[in-house]
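As structure tokens, the structure follows; a few thoughts come after it.
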Amino acid sequence: MAERYEHRPIEERWQAAWEADRAFSTSEDRSKEKFYVLEMFPYPSGKIHMGHVRNYSIGDVLARFLMMRGKNVLHPMGWDSFGLPAENAAIQHGTHPAKWTYSNIDNMRTQLKRMGFSYDWSREVATCTPEYYRWNQWIFLKLYEKGLAYKKRSTVNWCPGCATVLANEQVEDGLCWRCDSTVEMKDLEQWFLKITHYAEELLDHTYKLPGWPERVLVMQRNWIGKSVGAEVDFKIDGRDESIKIFTTRPDTLYGVTFMSIAAGHPAIGRITTDERKAEVDSFVKGVKAEGKPRDMEEVKKEGVFTGAYCVNPLTGDKVPVYVANFVLMEYGTGAVMAVPAHDQRDFEFARVYGLPVKVVINPPGKTLEAATMTEAFVDDGVMVASGPFDSTPNTGAMEGIIDLIEEKKAGKRSINYKLRDWGISRQRYWGCPIPVIYCEKCGTVPVPYEQLPVILPEDVKLTGKGFSPLDVPSFTEVKCPKCVGPARRETDTMDTFVDSSWYFLRYISPKVTDLPFKKDEAGYWMPVDQYIGGIEHAVLHLLYARFFTKALRDLGLHKADEPFTNLLTQGMVCKEILKCSEHGYIYPEESKDGKCVHCGKGVEVGAVEKMSKSKKNVIDPDRIIERYGADTTRLFSLFAAPPEKDLDWSEDGVEGAYRFLGRVWRLVVENEEALVGVEPLKIGAEGTAKEVHSATHRTIDRVTRDIEERFHFNTAISAVMELVNLLYQFRPSLDGKAKDSAEARSFKEAVESVVLLIAPFAPHISEELWSKLGYTTPVYRTPWPSVDEAALVMAEVTVVIQINGKVRSKVNVPVDSTEAMVRETVMKDEKAVGWITGKEIKKFVYVPNKIVNIVVA
RNA sequence: GCCGAAGUGGCGGAAUUGGUAGACGCGCUAGAUUCAGGUUCUAGUGGGUGAAAGCCUGUGGGGGUUCGAGUCCCCCCUUCGGCACCA
-5 MAERYEHRPI
5 EERWQAAWEA
15 DRAFSTSEDR
25 SKEKFYVLEM
35 FPYPSGKIHM
45 GHVRNYSIGD
55 VLARFLMMRG
65 KNVLHPMGWD
75 SFGLPAENAA
85 IQHGTHPAKW
95 TYSNIDNMRT
105 QLKRMGFSYD
115 WSREVATCTP
125 EYYRWNQWIF
135 LKLYEKGLAY
145 KKRSTVNWCP
155 GCATVLANEQ
165 VEDGLCWRCD
175 STVEMKDLEQ
185 WFLKITHYAE
195 ELLDHTYKLP
205 GWPERVLVMQ
215 RNWIGKSVGA
225 EVDFKIDGRD
235 ESIKIFTTRP
245 DTLYGVTFMS
255 IAAGHPAIGR
265 ITTDERKAEV
275 DSFVKGVKAE
285 GKPRDMEEVK
295 KEGVFTGAYC
305 VNPLTGDKVP
315 VYVANFVLME
325 YGTGAVMAVP
335 AHDQRDFEFA
345 RVYGLPVKVV
355 INPPGKTLEA
365 ATMTEAFVDD
375 GVMVASGPFD
385 STPNTGAMEG
395 IIDLIEEKKA
405 GKRSINYKLR
415 DWGISRQRYW
425 GCPIPVIYCE
435 KCGTVPVPYE
445 QLPVILPEDV
455 KLTGKGFSPL
465 DVPSFTEVKC
475 PKCVGPARRE
485 TDTMDTFVDS
495 SWYFLRYISP
505 KVTDLPFKKD
515 EAGYWMPVDQ
525 YIGGIEHAVL
535 HLLYARFFTK
545 ALRDLGLHKA
555 DEPFTNLLTQ
565 GMVCKEILKC
575 SEHGYIYPEE
585 SKDGKCVHCG
595 KGVEVGAVEK
605 MSKSKKNVID
615 PDRIIERYGA
625 DTTRLFSLFA
635 APPEKDLDWS
645 EDGVEGAYRF
655 LGRVWRLVVE
665 NEEALVGVEP
675 LKIGAEGTAK
685 EVHSATHRTI
695 DRVTRDIEER
705 FHFNTAISAV
715 MELVNLLYQF
725 RPSLDGKAKD
735 SAEARSFKEA
745 VESVVLLIAP
755 FAPHISEELW
765 SKLGYTTPVY
775 RTPWPSVDEA
785 ALVMAEVTVV
795 IQINGKVRSK
805 VNVPVDSTEA
815 MVRETVMKDE
825 KAVGWITGKE
835 IKKFVYVPNK
845 IVNIVVA
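In this text, residue positions in the first sequence follow my numbering: the first is -5, and each later residue adds one.
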């Protein structure tokens, strides 16, 4: 009886062997081509989930494949280990965030090792260690020196749930991205990083990243939000000041009938007339109190007249200035020229307040009547009532009008971005302290480099209420580094996105103590060749990491313009939701045969959605690994869907993957007789041996190309499955064949290829079978099988015969037959002839080695 | 509203440049193995029709280009994702 496939001892044995061999530790080796494979590092929440399993399995296939292809592969792993959950755990369970975090890391590291991922663990980093975050502080100080980090008082997004500030990117629909609390506005002194300094380059380089998914680039472009237009000064009638507006539609300047300014606009106090003051004040108050509404569409356009008028610099017309609720202080100049005829918002506003509508662009071939318009005309057309520009296309008038404005010194060309500077101050404990000291005499003083790191104190009381937990005398009371007088330490910590904005550089030189990383090593490894992670980081993390890469480049620390050459955004892992009428959402384990295990009531099977704890539609990777092994878990998560698509978790599918590995296993162990002592076939033979040889090489070719060119691991695996199926068919014909027969040798070659080809997906079973085949060199150090091009060439091909575009027959012809030869064969083919007889052949199309289409009348 | 992606059997998904639609897997059906269940092996499996060979039909819907369209073009529908008073 042949040995059964038992995953547990096999996986344990090989994991131990890899560890003992330091199989995956990498160093700079200029004789080999480098390849940096990186997966987004996890937050150590306690356990890995299926999303991690999928993400890291994808990365591991690539890393192992490239290793076998002879590349020098850097494949590191670490921990994004600062962050709120550690503090919440501390508050709830009284465990110190550090203890909680490090114990989670230990647990998750064990889990990742059980998955058999080929990480270079000697490069492991955790962002919550002083060895790591001191470089956050170091980089912060460098940015501060360059003016790229600065402090300002500003209105910030405040999450009452998390009791901290949020970046704009962390506010979704007016709610906190993390805890869904309604975000409030608060005035606070905050540290900012000047990401806007790189707005243009960040945008420009989105056009130079062909290895990124288009949708991620589009999202980033939207976020950066570049608008090209002009700034125009409108003088306030009777005052020696003007209000600057920004517009992308200078062509509509002749159509301005009023001006709208934001409720927070600084000019309001100065320009509002006495008799309008009370009304304006109460309106401004009202707008500020409302905060950010959830659904902008439903909010009515409201405003109030300031009593002031401004002057259109082109026409000299006086138009009223309104404070309007829809004008944003944060964008442009906080003031808008209103052209109701050609802007929908202005149009709505004008209709509410009975303001005039002046048409300056007509649709081609039509004339608009201001009085009867029901909506603004925002498309291109022909200019009217626009002085010298009348009867010209509006698109052509843009430049001319700006020229005119510039001539009159009333404005200039201008570019605006939606991108705001990145507020990084957080009133939290479990983060990287911002290395700054405030001295009454000297003001803001950076902590001197030699005093880094500013260590996060351990003895801090966490209550979850009030402001900065770091506001304790033992931490805050310091001497000023400049004047040695009494001073106060900054109590805010950095947004954890700072930590993850450069960790891929720290992996390169994880141990250096005098710099964040070594320049020459970064020169060798950077940029990351393949980055893999979830789409949820399309803007946040990926934009910040790009910004940091550019900023660090400009500090002279390395030379890469972009951090990640290729980006793969993997889909979510989903599963159907189960609901019991009595117990609500239930875990998959709580449903047996369609019944709830608690009450026996029928279980309602809901929609397939992303796995989430709250909906209980989660599968614990540990359970799957325990039952089926890491190889099966990996294989299924790679086979069920292409990486970028969502994956529906199916226990039946896992069974299928397990069955396949069992089939491969038996292919070796049940055929030891036919395999042992047989020399693999290397070059072509005749007959069935040739077919097997050819199928083997077609498979190698397909698998190689599917991994390398397209990351289509699902089709790569299916190609191997096909070969395995073929070998099962072929196997019985080997009985009685000599060990040195071409058939036996072709079988041996095919089986060995299968074992090597599955190595990136299921490395443990691959190693085990490889050693059973008598090899002592492990698979991870064995070269990937190469394709025998000659074996791909077949002597005969099947040519499909279509009559009038419909498949009617097939014929076998020698490869590369001429049209005349094929025509002759077709005319002897009974079925084909049956369809042609008595009809006139109008056309005979022949695509070599593929298809014949005969058009008959 | 704008931008983007997608729509193929009962299900997950294949189809490289326009050339046999449905590879591979799941599920299902039948047979073999087995005392039996499970396992394993073999075969079948888009729909309609037929005893069968076969024929008809079929990639969200409608048009078009082509000898030939899941694939290219135009219009429409649906789903998902992103952005959304950005001037």
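Beta carbons: idealized from backbone N, C-alpha and C, even for Gly.
Predicted model only: the values in this text are computed from it and were never measured.
Item to check | Residues bridged to proline 314 (per DSSP) | outcome: Bridge partners of proline 314: Tyr303.
Next on the checklist: For the segment 477 to 490 against the segment 505 to 515, do three or more pairs of beta-carbon atoms, one drawn from each stretch, fall closer than 8 Å, so that the two count as touching?
Outcome noted: As far as the Cβ criterion goes, the segment 477 to 490 does not touch the segment 505 to 515, which means the pair count is below three.
Next on the checklist: Our contact map puts valine 850 next to lysine 833 with C-beta atoms below 8 Å; I'd like the distance itself, whole angstroms only.
Outcome noted: Indeed, because the Cβ distance is near 4 Å, the residues count as touching under 8 Å.
Checklist entry - Is it the case that the CB of methionine 367 approaches a heavy atom of the ligand ATP more closely than 6 Å? => result The ligand ATP is not part of this structure, which contains no ligands at all.
Checklist entry - Does the distance from the CB of phenylalanine 240 to the CB of threonine 149 come in under 7 Å? => result Not closer than 7 Å, so no.
Item to check | Residues near leucine 456 in its chain [Cβ-Cβ closer than 8 Å; skip 5 each side] | outcome: Counting only Cβ-Cβ distances below 8 Å, and skipping sequence neighbours, we find Glu81, Ala84, Ile85, Pro91, Tyr423, Pro463.
Item to check | alanine 17, DSSP secondary structure in three states | outcome: Alanine 17: coil per DSSP, three-state reduction.
Checklist entry - Cα separation between isoleucine 25 and lysine 65? => result Residue 25 is actually serine in this sequence, not isoleucine. For serine 25 and lysine 65, the distance between alpha carbons rounds to 10 Å.
Next on the checklist: By the three-class DSSP mapping on this structure, what secondary structure does threonine 485 have?
Outcome noted: Assignment of threonine 485 by DSSP, reduced to helix, strand and coil, places it in the coil class.
Checklist entry - Taking the runs of the beta strand (DSSP E) that are 3 residues or longer, which of them lie wholly in the segment 163 to 214? => result Segments of the beta strand (DSSP E) lying fully in the segment 163 to 214: 178 to 187.
Checklist entry - Just how far apart, CA to CA, sit alanine 302 and aspartate 268? => result Computed Cα separation, rounded: 10 Å.
Item to check | Helix, strand or coil at methionine 377 according to DSSP, with G and I counted as helix | outcome: DSSP places methionine 377 in strand when its eight states are reduced to three.
Checklist entry - Since lysine 188 and leucine 142 are thought to touch, with beta carbons under 8 Å apart, how far apart are those beta carbons, to the nearest angstrom? => result Your pair lysine 188 and leucine 142 checks out as a contact, with CB atoms roughly 4 Å apart and the cut at 8 Å.
Checklist entry - When DSSP labels each residue in this structure, what does glutamate 790 get in the three-state scheme? => result In the structure shown, the three-state DSSP call for glutamate 790 is strand.
Checklist entry - Nearest-angstrom Cα distance between histidine 46 and tyrosine 37? => result Tyrosine 37 has its alpha-carbon roughly 10 Å from the corresponding atom of histidine 46.
Checklist entry - By DSSP, does tyrosine 722 sit in helix, in strand, or in coil? => result It is helical.
Checklist entry - Short check: CB of methionine 44 to CB of isoleucine 613, under 7 Å? => result Taking 7 Å as the Cβ cut-off, methionine 44 and isoleucine 613 qualify as a contacting pair.
Checklist entry - So, is threonine 770 buried or exposed, given that buried needs 16 or more other C-beta atoms within 10 angstroms? => result Classification of threonine 770: exposed, given that the 10 Å Cβ count is below 16.
Checklist entry - Per DSSP, what kind of secondary structure is glutamate 570 in: helix, strand or coil? => result Glutamate 570: strand per DSSP, three-state reduction.
Checklist entry - Just reading off the beta strand (DSSP E) that lysine 93 is part of, what are its end residues? => result For lysine 93, there is no enclosing beta strand (DSSP E); the enclosing alpha helix (DSSP H) covers residues 91 to 108.
Checklist entry - Could you give the uninterrupted runs of the alpha helix (DSSP H) lying entirely in the segment 131 to 159, keeping only those of 4 residues or more? => result Within the segment 131 to 159, no complete alpha helix (DSSP H) run reaches 4 residues.
Item to check | Close-in-space but distant-in-sequence residues of the same chain around tyrosine 443 (CB under 6 Å, 5 per side omitted) | outcome: The answer is none, since no qualifying residue turns up.
Next on the checklist: Given a cut-off of 7 Å on the beta-carbon distance, is the pair valine 567 and methionine 605 in contact?
Outcome noted: Against a cut-off of 7 Å, the Cβ pair of methionine 605 and valine 567 comes out as a contact.
Checklist entry - Could you give the distance in angstroms between the alpha-carbon of tryptophan 416 and the alpha-carbon of tyrosine 144? => result Answer to the nearest angstrom: the Cα atoms are 10 Å apart.
Checklist entry - Considering valine 648, what are the terminal residues of the alpha helix (DSSP H) in which it resides? => result Valine 648: member of the alpha helix (DSSP H) spanning 645 to 663, first to last residue.
Item to check | Whole-Å CB distance - valine 686 paired with alanine 744, under 8 Å assumed | outcome: With 8 Å as the limit, valine 686 and alanine 744 qualify as a contact, their Cβ atoms being about 5 Å apart.
Checklist entry - So what's asparagine 798 in DSSP terms, helix, strand or just coil? => result Look at asparagine 798 here: in three-state DSSP terms it is coil, with no helix or strand label.
Item to check | Beta-ladder partner(s) of serine 462, from DSSP | outcome: Beta-bridge pairing links serine 462 to no other residue.
Next on the checklist: Suppose you measure from the CA of methionine 788 to the CA of histidine 691; what does that come to, to the nearest Å?
Outcome noted: Approximately 12 Å between the Cα atoms of the pair.
Checklist entry - valine 602 by DSSP, collapsed to three states: which one? => result In the structure shown, valine 602 falls within a strand segment according to DSSP collapsed to helix, strand and coil.
Next on the checklist: Given a cut-off of 7 Å on the beta-carbon distance, is the pair valine 250 and methionine 331 in contact?
Outcome noted: Going by C-beta atoms, valine 250 is nearer than 7 Å to methionine 331.
Checklist entry - Any contact of the segment 110 to 130 with the segment 432 to 451, i.e. 3+ C-beta pairs under 8 Å? => result Taking one beta carbon from each stretch, the segment 110 to 130 and the segment 432 to 451 have 3 or more pairs nearer than 8 Å; the two touch.
Checklist entry - Roughly how many angstroms separate the alpha carbons of lysine 800 and methionine 815, rounded to a whole number? => result Distance between lysine 800 and methionine 815, taken at the CA atoms: about 22 Å.
Checklist entry - From the DSSP output, which residues share a beta bridge with methionine 253? => result Paired residue(s): Val315, Met331.
Checklist entry - Does the separation of the CB atoms of lysine 733 and proline 674 fall below 7 Å? => result With respect to the 7 Å criterion, lysine 733 and proline 674 are not classified as neighbours on the basis of their beta carbons.
Checklist entry - Quick one: Cα of phenylalanine 343 to Cα of cysteine 433, how far? => result Phenylalanine 343 and cysteine 433 have their alpha carbons spaced roughly 50 Å apart.
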